[in-house]
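K.L.:
Numbering (the working numbering), first residue to last: 22 to 212.
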C-alpha cells in the first residue's frame, strides 16, 4: 500500500503551484486514500534528486517527471539515456518539453494572454509530442510576443499556464502524459 507519493519535477520551485493544479485529480485521489502527496522541484538536478529520494524516502513511491528533450521512444529507452535504467515504472516524460503540453489547449493560452495572442503562430499537430523541441519555444514566443503579458517566459507564465490547461486535453494529445495519470491512478487504486 502506498502511503506517500513524492513527485520530483524537473524545474524551478516557482512551477510547483501550476503542477499542483494540473495534477489536482491525482492529489484528490491520494487524499481520499489517505496517501500523502508531495511535489518537489529539482532545480537542475532531477535524476540526482530522484535517486537521493529513493534512499531518503524508502516508504514513499518516488516519481520523477522529466522533459524528454527529444522525440518519444519507449520509457525504458528514455530512462537509459538519462542514467535511470531500471526506473521506467517511476519515471515519466514531458515530451518533448513541458511547454509542449500547452499546445494541447490553445483556448487556455488565448484566455491567459488575451486578445493579442497569435494562435496561428503555434505549430499545429494534434499529437503534440511530435512537435520538435526546437519548434515549441520559438512558436510559443511568436504567439505571445504582442500580448500585454509580453512573450512567453517560463518562470513568469508557466505556473499559471499549467494551472489553466485542461489535463484531459493534454492526456488526449500526449500519450506520455496519459501514461503518467493512468499509472498514478492505478497505483492509488491498489491502496
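Beta carbons: idealized from backbone N, C-alpha and C, even for Gly.
Here the structure is a predicted model, which is why all the values come from computation and not from measurement.
If you reduce the DSSP assignment to three classes, tell me which class residue 119 lands in.
P.N.:
helix
K.L.:
For residue 24 and residue 45, what's the separation of their Cα atoms in angstroms?
P.N.:
18 Å
K.L.:
Which class does residue 219 belong to by DSSP, given the choice of helix, strand or coil?
P.N.:
With the chain running from 22 to 212 in the structure shown, residue 219 is simply not present.
K.L.:
I need the boundaries of the beta strand (DSSP E) containing residue 29, first residue and last residue.
P.N.:
25 to 30
K.L.:
Return the first residue and the last residue of the alpha helix (DSSP H) that residue 105 is part of.
P.N.:
Where residue 105 is concerned, there is no enclosing alpha helix (DSSP H), given that its DSSP letter is neither H nor E.
K.L.:
Restricting to Cα atoms, I'd like to know which of 75, 137, 80 and 132 is closest to residue 112.
P.N.:
Taking only the C-alpha atoms, the option nearest residue 112 is 75.
K.L.:
Quick check: the Cα distance between residue 29 and residue 141, rounded to an integer number of angstroms?
P.N.:
34 Å
K.L.:
Indicate the three-state DSSP secondary structure (helix, strand or coil) for residue 93 in the structure shown.
P.N.:
In the structure shown, residue 93 adopts coil according to DSSP, grouped into three states.
K.L.:
Check this for me: beta carbons of residue 186 and residue 123, under 9 Å apart or not?
P.N.:
yes
K.L.:
Less than 9 Å between the C-beta atoms of residue 179 and residue 150, yes or no?
P.N.:
no
K.L.:
Determine contact between the stretch 102 to 109 and the stretch 47 to 56, defined as no fewer than three beta-carbon pairs at a distance below 8 Å.
P.N.:
Counting Cβ pairs under 8 Å, fewer than three are found: no touch.
K.L.:
Along the beta strand (DSSP E) that carries residue 86, what are the first and last residues, could you check?
P.N.:
82 to 88
K.L.:
Using CA atoms only, rank isn't needed, just tell me which of 32, 59, 116 and 54 is closest to residue 41.
P.N.:
59
K.L.:
Just to check my reading of the structure: residue 62 and residue 80 have Cβ atoms closer than 8 Å, yes? What is that Cβ distance to the nearest angstrom?
P.N.:
About 22 Å; that fails the 8 Å criterion.
K.L.:
Output needed for residue 67: all residues of its chain with C-beta closer than 7 Å, excluding positions within five of it in sequence on either side, in chain order.
P.N.:
29, 31, 85 and 87
K.L.:
How many angstroms separate the CA atom of residue 54 from the CA atom of residue 209?
P.N.:
7 Å
K.L.:
Along the chain, where does the alpha helix (DSSP H) containing residue 163 start, and where does it finish?
P.N.:
154 to 165
K.L.:
Cα separation between residue 146 and residue 205?
P.N.:
27 Å
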